[in-house]
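Asks: Have a look at this one before I ask anything.
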Amino acid sequence: MQNLVYHEFPPEYQKDDTILILGSIPSPKSREEQFYYAHPQNRFWRVLATVFNEDTPISINDKKDFLKRHHIALWDVIASCEIEKASDTSIKNVTPNDINIILNTCPIQKIFTVGKVATKLYKKYCYPKTKVESIYLPSTSPANCAMKDDILIENFKKITEK
Numbered sequence: 267m268q269n270l271v272y273h274e275f276p277p278e279y280q281k282d283d284t285i286l287i288l289g290s291i292p293s294p295k296s297r298e299e300q301f302y303y304a305h306p307q308n309r310f311w312r313v314l315a316t317v318f319n320e321d322t323p324i325s326i327n328d329k330k331d332f333l334k335r336h337h338i339a340l341w342d343v344i345a346s347c348e349i350e351k352a353s354d355t356s357i358k359n360v361t362p363n364d365i366n367i368i369l370n371t372c373p374i375q376k377i378f379t380v381g382k383v384a385t386k387l388y389k390k391y392c393y394p395k396t397k398v399e400s401i402y403l404p405s406t407s408p409a410n411c412a413m414k415d416d417i418l419i420e421n422f423k424k425i426t427e428k
């Protein structure tokens with residue numbers, strides 16, 4: 267059964283961020299925690315920490331500090347949609363976020379989209395307004411368990427390339 271879901275918490279960014287990472291829409295656990303990639307089996311924070319050779323941030327404050335240190339802005343493509351639980355493939359009736367809110371504030375040099383759905387929706391809804399191509403990163407979701415950590419880490423190293 268599909269539910270209408272709203273993105274309930276703000277983007278995470280600082281005025282000097284140079285990297286923007288976009289997911290699709292927060293999972294039920296992330297909406298509950300009011301922060302990004304909160305499901306304990308989601309590998310996002312662990313993979314990102316490995317790429318930057320740091321310990322995995324645990325608390326929301328640790329995650330915010332991590333993002334600040336590395337000039338990373340974090341948001342999602344979708345402001346609202348119909349979705350079944352956390353299944354990105356079930357997403358319908360999308361209202362996109364206005365990504366230009368961040369692009370007009372920060373000197374973003376690269377935009378990354380996490381997962382095929384976020385990438386597809388960014389191209390459909392956001393690219394026509396931003397005119398900035400996104401770089402695909404594979405999903406860190408538990409649903410993408412077939413992708414091994416070392417492959418995720420290799421892909422996420424694109425974030426650190428100049």
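For the sequence shown, the residue numbers in this note's numbering are 267 to 428.
For glycine and all other residues, C-beta sits at the position ideal for the given N, C-alpha and C.
Since the structure is predicted, the reported quantities are computational estimates derived from the model, not experimental observations.
1. Give me the Cβ distance between LYS334 and GLN280, rounded to the nearest whole Å; I'm assuming they're in contact under 8 Å.
2. ILE344 and PRO362: beta carbons closer than 8 Å?
3. Among the candidates ASP354, GLY289, VAL271, whose CA atom is the shortest distance from the CA of GLU298?
4. In whole angstroms, what separates the C-alpha of HIS273 from that of ILE291?
5. Tell me, to the nearest whole angstrom, how far the beta carbon of ARG309 is from that of LEU403; I am working on the premise that it is less than 8 Å.
6. Would you please state the rounded distance, in angstroms, between the beta carbons of ASP283 and ILE374? I believe it to be under 8 Å.
7. Quick check on TYR279 - is its C-beta less than 8 Å from some C-beta in chain C?
8. GLU420 lies in the alpha helix (DSSP H); which residues open and close that run?
9. Under 8 Å between the Cβ atoms of LEU314 and PHE378?
10. Tell me the rounded alpha-carbon separation between LYS395 and ASP415.
11. Report the residue from SER400, SER296, LEU387 whose alpha carbon sits nearest the alpha carbon of ILE357.
12. For THR379, which of helix, strand or coil comes out of DSSP?
13. Here's the rule I'm using: 16 or more other beta-carbon atoms within 10 Å means buried, otherwise exposed. How should ASP331 be labelled?
14. Once you ignore the five residues that flank LEU304 on each side, which residues in its own chain have a CB closer than 6 Å to its CB?
15. Given that a residue counts as buried once 16 or more other Cβ atoms are within 10 Å of its Cβ, and exposed if not, what is GLU278?
Replies: On the basis of the supplied data:
1. With a Cβ gap of about 6 Å, LYS334 and GLN280 count as contacting.
2. If you check the CB distance, ILE344 and PRO362 come in under 8 Å.
3. GLU298 has its Cα closest to that of VAL271, out of ASP354, GLY289, VAL271.
4. For HIS273 and ILE291, the distance between alpha carbons rounds to 7 Å.
5. Between LEU403 and ARG309 the Cβ distance is about 12 Å, and since that is not below 8 Å, they are no contact.
6. Sure, about 7 Å apart at Cβ, within 8 Å.
7. As a matter of chain content, chain C is missing from the structure shown, which is built from one protein chain.
8. 415–422 is the span of the alpha helix (DSSP H), which, as asked, contains GLU420.
9. If you check the CB distance, LEU314 and PHE378 do not come in under 8 Å.
10. LYS395 and ASP415: Cα-Cα distance of roughly 34 Å.
11. Of the residues SER400, SER296, LEU387, the one whose Cα lies closest to the Cα of ILE357 is LEU387.
12. The answer is strand: DSSP assigns THR379 an E or B state.
13. If you draw a 10 Å sphere on the C-beta of ASP331, you find fewer than 16 other C-beta atoms in it, and that means exposed.
14. Just to set this straight, residue 304 is Ala in the shown sequence, not Leu. The answer, listed in chain order, is LYS295, SER296.
15. Classification of GLU278: buried, given that the 10 Å Cβ count is 16 or more.
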